[in-house]
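Counting from 1, one number per residue, gives the positions in the sequence shown under full-length UniProt numbering.
First up is the structure itself, then whatever we jot down about it.
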Amino acid sequence: MKTLKYLSAYPEHIQQRVIAMISAQQLGPLLAQRYPNQHGIQTDKMLYDYTLSIKNEFLKNAPAISKVIFDSKIKDIQHALGTHTQISRIQGNKLKAKHEIRIASLFKNTPPEFLKMITTHELAHLKIKEHNKAFYQLCQHIEPQYMQLEFDLRLYLTHLEHQASLA
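Next comes the structure, spelled out in structure tokens:
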């Protein structure tokens, strides 16, 4: 594994450490020890309820969400693990917006912390569209461990990619 596409924005010394862990077959066991559980959210209805509960706790004044689904068409190759879309329609003389969140199907089989991280990320887009300092502060307000979870998710995706290359 020459390049670590999920970790390409991180410093070289971190990438080298991850490569060494992969070579020593330590990355998988580390992630399994750190995140031993899997969540039970397997349907779109369960995902919608889960997302709505987080929204209601932290983003009460944010726009309503009309749909939240697991989407098998989202591929990490498109540099997305989830999407937030706003569909605007004119109804009479009013402009109505529907907000939809789609989360990659791979999150059906991840630790609950990773599902919360990606859900938090997409919910934050209800308030802030760009990935700026305020956006990440909001993510950390919703999930205090957001930054660590994002990094660990990148490690997890790197591990999955490496396992797939061995098969």
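Glycine is no exception: its CB is placed at the ideal position from the N, C-alpha and C atoms.
In the DSSP output, what is Gln91 paired with across the bridge? Looking at the DSSP assignment, Gln91 forms a beta bridge with Lys94.
Please give the ranges of any alpha helix (DSSP H) in the segment 17-56, keeping only runs that are unbroken, at least 4 residues long and fully inside the region. Runs of the alpha helix (DSSP H) spanning 4 or more residues and lying entirely within the segment 17-56 occur at 27-34, in chain order.
Could you tell me whether the segment 108-116 touches the segment 133-153, using the rule of 3 or more Cβ pairs below 8 Å? Here the segment 108-116 makes contact with the segment 133-153; the two share three or more CB pairs at distances below 8 Å.
With a threshold of 8 Å, are at least 3 pairs of Cβ atoms found where one atom belongs to the segment 22-39 and the other to the segment 56-71? The answer is no - the segment 56-71 does not touch the segment 22-39, with fewer than three Cβ pairs under 8 Å.
At what residues does the beta strand (DSSP E) containing Lys67 begin and finish? For Lys67, the enclosing beta strand (DSSP E) starts and ends at Ile65 to Asp71.
C-alpha distance - Leu4 paired with Tyr50, whole-angstrom precision: C-alpha of Leu4 to C-alpha of Tyr50: approximately 32 Å in a straight line.
Please determine, among Glu130, Leu138 and Pro111, the residue with the shortest C-alpha to C-alpha distance to Thr120. Relative to Thr120, the option among Glu130, Leu138 and Pro111 whose CA is nearest is Leu138.
Beta-carbon gap between Ile101 and Glu122 smaller than 8 Å: Their beta carbons are under 8 Å apart, which means Ile101 touches Glu122 by this criterion.
Applying the criterion that 16 or more other CB atoms from any shown protein chain within 10 Å of the CB defines a buried residue, is Thr158 buried or exposed? So Thr158 ends up on the buried side.
Pairwise C-alpha distance: Arg17 and Asp71: Cα to Cα, Asp71 sits roughly 33 Å from Arg17.
Using DSSP with H/G/I as helix, E/B as strand and the rest coil, what is Glu143? Look at Glu143 here: in three-state DSSP terms it is coil, with no helix or strand label.
Pick helix, strand or coil for Phe151, following the three-state DSSP scheme. Here Phe151 sits in helix by DSSP.
Own chain, CB closer than 8 Å to Ile128, minus 5 neighbours either side, in chain order: Counting only Cβ-Cβ distances below 8 Å, and skipping sequence neighbours, we find Ala134, Phe135 and Leu138.
So which of Lys98, Ala124, Gln148 and Asn109 has the shortest CA-CA distance to Gln42? It is Asn109.
So which of Leu126, Pro29 and Leu166 has the shortest CA-CA distance to Ala62? The shortest Cα separation from Ala62 among Leu126, Pro29 and Leu166 belongs to Leu126.
Check whether the Cβ atoms of Leu81 and Ala64 sit closer than 8 Å, and answer yes or no. Cβ distance not < 8 Å, so Leu81 and Ala64 don't count as in contact.
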